[in-house]
Amino acid sequence: MAAPGAAPGLCPDWVLATSSNVHVARDRGWFSTYTPFPTFATPYMTSRPMEVLGVGDVHIPVKLFPTGSGPEAHGTLHLRNVLHIPVGVCNLVGSPGTGDYDEVEFQFGDDKQDVAITGQGGRRLGYFESRRPWVLKLSGPPTGPVVGPSTLDPEKIYSIKVTWPESERQRWATAQAGHLGGGKADAALSAPYTEE
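Counting in my numbering, the sequence shown runs from 272 upward without gaps.
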């Protein structure tokens with residue numbers, strides 16, 4: 272349920288933030304798996320941490336190329352260990368090498384305006400539109416979800432970076448290992464679930 276006065280639909284802006292060491296989603300609705308896990312992350316140019324409510328997997332329906340239509344024009348970008356930060360200005364696709372992909376490359380597309388994201392063997396995973404900042408091109412309905420309006424102001428320049436401290440990453444890894452191994456997990460951790 273959306274907060275009173277909130278725009279309907281999910282935040283549509285998945286910004287390329289390769290200097291971030293983590294992926295971030297504003298809306299709980301983006302997650303396909305989710306574990307409540309209180310933690311924090313630090314945004315760029317401030318020491319004041321942002322509250323993280325949970326961690327999970329996100330599967331983003333994306334357009335693979337600027338042109339093209341039909342089923343072959345769409346794909347799904349799989350991100351793992353995404354932080355749920357409702358107060359974030361937008362969603363973030365952080366540094367490569369996370370999610371389902373060991374080797375990810377970002378490169379200008381054929382039009383020299385958009386940035387393609389490719390995986391092992393040059394497999395196309397999606398592309399970022401040439402806006403400031405670079406924003407992942409989502410598949411529209413019915414392939415993709417209903418999204419709300421952009422949260423980014425076209426008149427502003429953004430410098431977006433989020434850091435999840437190594438100590439918190441280790442705490443998450445320990446909680447996951449304890450949970451998956453049948454051991455005693457962190458008291459704040461519950462089993463991953465998917466909202467139907």
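Here a beta-carbon is modelled for each residue, glycine too, at the ideal position from N, C-alpha and C.
Because the structure is a prediction, the values reported are computed rather than measured.
Endpoints, the beta strand (DSSP E) within which residue i is located
i	result
M321	M321 to K334
A387	V386 to T389
E343	First-last for E343: undefined, no H or E at that position.
V286	W285 to L287
S291	Counting along the chain, S291 falls outside any beta strand (DSSP E), and DSSP gives it neither H nor E.
L363	N362 to V364
P314	F302 to P314
Cβ-Cβ distance between residue i and residue j below 8 Å
i	j	result
T310	E439	yes
A312	T445	no
L409	P332	yes
M321	V358	yes
S366	S318	no
W443	F302	no
Close beta carbons around residue i, own chain, < 8 Å, minus the five adjacent residues each side
i	result
V286	C361, N362, L363, V364, P404, W405, V406, L407, L423, Y429 and I431
Q441	none
Same chain, Cβ closer than 6 Å to residue i, neighbours up to 5 away in sequence not counted
i	result
D457	With a pLDDT of 42 at D457, under the threshold of 50, the modelled position of that residue is not reliable, and no figure is offered here.
G346	V333 and L335
Residues near residue i in its chain [Cβ-Cβ closer than 7 Å; skip 5 each side]
i	result
P283	L409, V418, G419 and S421
query: Three or more beta-carbon pairs under 8 Å between the segment 417 to 430 and the segment 386 to 396, yes or no?
result: Judged by pairs of C-beta atoms under 8 Å, the segment 417 to 430 does not touch the segment 386 to 396, as fewer than three such pairs exist.
query: Does the pairing of the segment 311 to 328 with the segment 341 to 357 give three or more beta-carbon distances under 8 Å?
result: Verdict: yes, contact present.
- request: Write down every uninterrupted run of the alpha helix (DSSP H) in the segment 386 to 443 whose length is 4 residues or greater and which is fully enclosed by it, in chain order.
  value: Taken in chain order, the whole alpha helix (DSSP H) runs of length 4 or more contained in the segment 386 to 443 number zero.
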